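Undergrad: For the sequence shown, my numbering assigns the number 400 to the initial residue and increments by one for each residue that follows. For each residue, glycine too, the CB sits at the ideal point set by N, CA and C. Quick caveat, the model's predicted, so the values are computed rather than measured.
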Amino acid sequence: MSDINSILHAFRAAREQKLLRVMREIVQTTGPTFEQRLLGFRGIDTVDPINVEAVLSTHFSDFGLGERRLVFAPLLGQGIFTQDGKPWAHSRALLKPAFSRQDQSMAQIAEVTDQLLNLIPVSGSFIDDENTFAIAFDKGQDYLAQSGRLGGLHWLIDSSDFRIQCKRVHEHVDNAIMQVLQEQDTGDKQSTQSILQDLVQQSTEKKVLREQCLNVLLAGRDTTACLLSWTFRLLAKHSAVFNRCREDILNSCGFSGQITRQKIKYHMDDLPLKVLRLYPSVPINSRTATHTTTLPTGGGPNGTAPILVRKGEAVGYCPYIMHRRQETFGPDAEAFRPERWLENGSQAGYVVARMLQKFSSLRLPKEEPMEAIGTEKQKLTLVMCSAIGCNVVLT
Ligand code: HEM
400 MSDINSILHA
410 FRAAREQKLL
420 RVMREIVQTT
430 GPTFEQRLLG
440 FRGIDTVDPI
450 NVEAVLSTHF
460 SDFGLGERRL
470 VFAPLLGQGI
480 FTQDGKPWAH
490 SRALLKPAFS
500 RQDQSMAQIA
510 EVTDQLLNLI
520 PVSGSFIDDE
530 NTFAIAFDKG
540 QDYLAQSGRL
550 GGLHWLIDSS
560 DFRIQCKRVH
570 EHVDNAIMQV
580 LQEQDTGDKQ
590 STQSILQDLV
600 QQSTEKKVLR
610 EQCLNVLLAG
620 RDTTACLLSW
630 TFRLLAKHSA
640 VFNRCREDIL
650 NSCGFSGQIT
660 RQKIKYHMDD
670 LPLKVLRLYP
680 SVPINSRTAT
690 HTTTLPTGGG
700 PNGTAPILVR
710 KGEAVGYCPY
720 IMHRRQETFG
730 PDAEAFRPER
740 WLENGSQAGY
750 VVARMLQKFS
760 SLRLPKEEPM
770 EAIGTEKQKL
780 TLVMCSAIGC
790 NVVLT
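(1) On the DSSP bridge assignment, give the partners of C784 in chain order.
(2) Is any heavy atom of the ligand HEM found at a distance shorter than 7 Å from the C-beta of T622?
(3) Would you mind giving the Cβ-Cβ distance between T432 and D447, rounded to the nearest angstrom? I have them listed as a contact below 8 Å.
(4) Is DSSP giving E770 helix, strand or coil here?
(5) Could you check where the alpha helix (DSSP H) with G748 kicks off and where it finishes?
(6) DSSP three-state call for F471: helix, strand or coil?
(7) Work out the CA separation of V615 and Q581 for me, nearest whole Å.
(8) State yes or no: is the C-beta of N684 nearer than 7 Å to some heavy atom of the ligand HEM?
(9) Would DSSP call E604 helix, strand or coil?
(10) Would S680 pass as a contact of V782 if the rule is Cβ separation under 8 Å?
(11) Less than 8 Å separating the beta-carbons of V674 and T692?
(12) Alpha carbons only, please: which of P705, G729, E770 and F462 is nearest the one belonging to T696?
(13) DSSP beta-bridge partners for N684?
(14) Hey, L633 and F735 are a contact pair by Cβ (cut 8 Å); roughly how many whole angstroms apart?
(15) R436 by DSSP, collapsed to three states: which one?
(16) Spatial neighbours of G550 within its chain, please: C-beta separation below 7 Å, excluding the five flanking residues on both sides.
(17) When DSSP labels each residue in this structure, what does L761 get in the three-state scheme?
(18) In whole angstroms, give me the CA-to-CA distance for G702 and G430.
(19) For L676, which residues in the same chain have their Cβ closer than 7 Å to its Cβ, ignoring the five residues on either side in sequence?
(20) Mind checking whether the beta-carbon of S456 lies closer than 7 Å to any heavy atom of the ligand HEM?
(21) Using DSSP bridges, identify the partner residues of R441.
(22) Return the residue from the list G699, R468 and T780 that minimises the CA-CA distance to L419.
(23) Label T531 either buried or exposed according to how many other C-beta atoms from any shown protein chain fall within 10 Å of its C-beta, with 16 as the threshold for buried.
(24) Within the continuous alpha helix (DSSP H) that includes V708, where are the two ends?
(25) Run through DSSP, which three-state label would L613 get?
(26) Got a sec? Which residues, its chain only, sit under 6 Å from K538 by beta carbon, not counting five neighbours each side?
(27) What do you get for F459, buried or exposed, if any count of 16 or more other CB atoms within 10 angstroms of its CB means buried?
(28) Leaving aside the five residues before and after A635 along the sequence, list all residues of the same chain whose C-beta is less than 6 Å from its C-beta, in chain order.
(29) Is F536 helix, strand or coil by DSSP?
(30) Mind pulling the alpha helix (DSSP H) runs of 4 or more residues that sit fully within the segment 543-595?
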């Protein structure tokens, strides 16, 4: 495929939300690791777990975030999600106190989950709770996703609208920061401790606070939202799984008892992991070689020899396709079958547990077809969500 054609093809595919399907077709014909060229720039794509492990773990120091810092800067500034090396280590140190304080009793997530439950109408009407900030943050991220896919040509996707969305997001976050700084001055503290409240103990520099907050918000918000909405969609389609999970929750927490990390740790964590296998929140990602290196496999005539990655070349990896490979997960790789319980209790698990505790049934609306897993309309931005949202009937 010629260079310009391959760009246009990739772009059209992304716009039509078919990028993942196209990648899957390429993998089926070329094998799990292949080379691609974009305007003369060579890159490697892989869905081979051995290569992905090399990029993220065993050869970690050979790779960095590439263009991400520049692409994300207008919206996020500099923070843990956009940095490499020493600045990244500094951000990690700054955020460490906020992340080391685990909400054992789940009090913080309980409060916001109950606020959410109270918003769910019993009359069958829809909730539309999107505010100006959410809309601006979503639009801003759409720009990041589009320009991120252009690599070195990311600057092609810039516009006054993008800058307006960035400004709106910044104003909103700056207001929240001002409020927390004022509360700190007056000693007027909220009952639950937020990441921002932890951060102001480390720094009171407004730019640092804004950028670190936005980095964490980007990392945590849509990933969790996608996980939860795919979970509810899957539970709505798999009533036996819903009933079994609900029975477990009622046995350990009762109809209105407190849900603690301890009580759900044997019940709720396998479910999110199984959902993330089929619908990984970040379905496609990449790293760029900081110096010339190799990936363990994918080269040579049989595709089993190490493969060269030159300094500056990107390695794209695709958990969405990797998690559906029959070679790894067997012939029913597309099936949703949470069976084992793991030992952990996450906050996403809490939200699911609380919904199961409160509602005795969860199903798709009559007008929505029962599509097979992976064939439903998906929207790919930085994360992958259901293109038609998460319309479910709760009773
Ligand atoms: C289902 C939920 C989540 C999923 C699937 C998820 C997934 C991921 C992935 C794949 C990355 C690596 C991205 C990359 O560097 O290319 C990442 C990094 C990160 N995530 Fe999450 N995430 C989730 C929830 C959260 C939440 C709730 C927070 C914070 C409140 C968070 C904070 C972060 C941070 C700070 C990083 C950067 C870590 C570093 O570079 O050291 N994530 N996450």
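TA: In brief:
(1) K778
(2) yes
(3) 5 Å
(4) coil
(5) Q746 to K757
(6) helix
(7) 22 Å
(8) yes
(9) coil
(10) yes
(11) no
(12) P705
(13) Y716
(14) 5 Å
(15) strand
(16) L437, F440, E466 and A713
(17) strand
(18) 8 Å
(19) The sequence given here has Arg at residue 676, not Leu. Hits under 7 Å: H722.
(20) no
(21) R436
(22) T780
(23) exposed
(24) Not the alpha helix (DSSP H): V708 falls in the beta strand (DSSP E), residues A704 to V708.
(25) helix
(26) Q564
(27) exposed
(28) L761, R762, L763 and V791
(29) helix
(30) 559-585
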